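Asks:
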Amino acid sequence: MNETINNHFSLTDYDVSQFKKNGFVVLRSFLSTSLISYIKNSITEHLRLLDENQTGFKRVGYDIFENDLVIKALLAHDCFSGTLTTLANRSLFYTQGLGFQIEKEKHTGFPWHIGTQSFGYQHGEDFGCSMWVPLVKIDTDNQGGGMSYVPEHIISGKFMYMDIDPSIDQMMRELAEVDRDSLELGNYIELRHSILNSPALSTLLEYYKHTDSFNLGDVLIFNKNVIHASEPLLEGEIATRTAFVMRFIDIDSRYDETRSRGLDFSMIYFGHPPSSDFHTKVSENDGDLIRESKLFKDGNSRILAKS
1 MNETINNHFS LTDYDVSQFK KNGFVVLRSF LSTSLISYIK NSITEHLRLL
51 DENQTGFKRV GYDIFENDLV IKALLAHDCF SGTLTTLANR SLFYTQGLGF
101 QIEKEKHTGF PWHIGTQSFG YQHGEDFGCS MWVPLVKIDT DNQGGGMSYV
151 PEHIISGKFM YMDIDPSIDQ MMRELAEVDR DSLELGNYIE LRHSILNSPA
201 LSTLLEYYKH TDSFNLGDVL IFNKNVIHAS EPLLEGEIAT RTAFVMRFID
251 IDSRYDETRS RGLDFSMIYF GHPPSSDFHT KVSENDGDLI RESKLFKDGN
301 SRILAKS
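Take the sequence shown: its position 98, counted from the start at 1, is 98 in full-length UniProt numbering, and no numbers get skipped.
1. Using the beta-carbon count (16 or more within 10 Å), is Pro273 buried or exposed?
2. Whole angstroms is fine: what's the gap from residue 328's alpha carbon to Lys224's?
3. What's the gap between the Cα of Trp115 and the Cα of Leu263?
4. Would you say Phe24 and Phe248 are within 8 Å of each other, going by their C-beta atoms?
5. Straight-line CA distance for Asp15 to Phe9?
6. CA-CA distance, Lys137 and Met160?
7. Going by C-alpha distance, which of Leu196, Phe244 and Lys58 is nearest Ala229?
8. For Val226, count neighbouring Cβ atoms within 10 angstroms of its own Cβ and tell me buried if that reaches 16, exposed if not.
9. DSSP state of Ala239, grouped into three classes?
10. Starting from Pro134, follow its DSSP beta bridges and name the residues at the other end.
11. Name, in chain order, the residues that DSSP records as bridge partners for Val178.
12. Specify the secondary structure class of Asp250 as computed by DSSP and reduced to three states.
13. Between Thr280, Gln170 and Pro151, which has its C-alpha nearest Gln18's C-alpha?
14. By the three-class DSSP mapping on this structure, what secondary structure does Tyr122 have?
15. Decide if Leu31 is buried, meaning its Cβ has at least 16 other Cβ atoms within 10 Å, or exposed.
16. Pull up the CB-CB distance for Val282 and Val219, whole angstroms please, since I reckon it's below 8 Å.
17. Which residue spans inside the segment 59–98 form an unbroken alpha helix (DSSP H) run of at least 4?
18. So who's on the other strand from Tyr14, going by DSSP bridges?
19. According to the Cβ coordinates, are Leu135 and Ile71 closer than 8 Å?
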C-alpha cells in the first residue's frame with residue numbers, strides 16, 4: 001500500500017482547540033481511501049459472530065490486526081503520529097485495535113458509556129484516547145449508524161473513573177464477603193450500566209450530544225472522559241455498519257492492579273466473563289509501566305513520540 005494517510009490532510013489550530021475544549025474532534029479526510037478499503041475488506045475475519053439474540057452488535061473483535069504490516073505503517077507515519085500527539089499534547093502508546101459491527105434495524109450498539117473496560121487497567125487519572133474509523137459512509141439525516149458524544153466541558157465522564165467505578169468495585173467486594181449468595185448478576189450489570197443511562201442523566205446527555213456524518217477517511221478522535229453512545233443503523237441501502245477502533249494511552253501510563261481486578265468481578269462471582277480479557281494480560285505488578293509489558297513484544301513500533 002502506497003499511502004495510509006491522505007496526502008492533502010493538515011491538522012488545523014481549530015482542530016486542536018476543539019479537541020482541547022470538547023475532548024473530541026472529527027478529522028475530515030484523514031485516512032486514505034486505500035487504507036479504508038484494506039481494513040474494510042479484511043476486518044470481518046477478525047470479528048466474532050455473536051448470538052442471534054444479541055441486540056448490541058452482530059460482530060465484535062478485540063486485539064485485532066495485531067502485527068499487521070499496514071497498521072504498523074500507519075503508526076509509523078509522521079503525519080499520523082504528529083496529528084495524534086499534537087491533539088493529545090503528549091507522546092502516546094498504541095494498545096489495541098477493536099472492531100464493532102451492527103446490522104440495520106436490528107442492533108443498538110452501546111448505550112451511553114465511557115471506556116471502563118478499554119481503559120480499566122490504567123490509573124483513572126492517566127490519559128487515554130480512541131480513534132473511531134467508520135468503514136461505510138455515515139449519514140445522520142437518513143440512515144444513521146454513527147456515534148453520539150457529549151462535550152467534555154459540559155458533562156465529563158471523569159467522575160465515573162474516579163468515583164463511581166471504584167465505589168462499585170469496593171461495595172461489591174464488601175457485599176460478597178458478607179453474603180455472597182445474595183449477589184445477582186443482573187443487579188451487578190444494571191449497576192454498572194445504569195448510572196449514565198438513568199432517566200435524568202440520559203436526558204441531559206441526549207440534549208447536549210453531537211452526532212456527525214462521516215465520509216470514508218473521516219475519523220473521530222476522543223479522549224476517555226468523553227461520554228458516548230452508538231446510533232442505530234436505520235432502514236436504507238447500507239446493510240451493516242462496521243467500525244475499526246484504535247486505543248491509545250499516555251506513554252507513561254502505569255498499571256492499576258485494583259482497578260483491573262475490579263473488571264473480573266462478574267467472572268469470579270457469576271462465571272460471566274468480561275467482554276475482553278486484555279486487562280488480565282497487560283501487566284502483572286501494580287505500578288508497572290504499561291509500555292514495558294511483555295504483551296507488547298513490538299513495543300517500540302507502538303510508540304507515537306511527540307516532537
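Just so you know, even glycine gets a beta-carbon here, dropped at the ideal spot from N, CA and C. Everything numeric in this text was worked out from a predicted model, so none of it was measured.
Replies: With the structure as the only source:
1. Pro273 is exposed by the Cβ-count criterion.
2. For the chain, the structure presents residues 1 to 307; residue 328 sits outside this window and is missing.
3. Note that residue 115 corresponds to Gly in the displayed sequence, not to Trp. C-alpha of Gly115 to C-alpha of Leu263: approximately 12 Å in a straight line.
4. Note that the C-beta distance between Phe24 and Phe248 is not below 8 Å.
5. The alpha-carbon separation between Asp15 and Phe9 amounts to approximately 12 Å.
6. In this structure, the straight-line span from the alpha carbon of Lys137 to that of Met160 is close to 32 Å.
7. Nearest option by C-alpha distance: Leu196.
8. Per the 10 Å Cβ criterion, buried.
9. Ala239: coil per DSSP, three-state reduction.
10. According to DSSP, which records beta bridges pairwise, Pro134 is partnered with Ala243.
11. BP columns for Val178 are empty, so no partner.
12. The three-state reading of DSSP puts Asp250 in strand, counting E and B together.
13. Nearest option by C-alpha distance: Pro151.
14. First, the residue type needs correcting, since residue 122 is Gln and not Tyr in the sequence shown. In the structure shown, Gln122 falls within a strand segment according to DSSP collapsed to helix, strand and coil.
15. Buried: at least 16 other Cβ atoms inside 10 Å.
16. Between Val219 and Val282 the Cβ distance is about 25 Å, and since that is not below 8 Å, they are no contact.
17. Whole alpha helix (DSSP H) segments, 4+ residues: 69–76 and 78–88.
18. For Tyr14, which the question treats as bridged, DSSP gives no partner whatsoever.
19. Contact flag unset, no.
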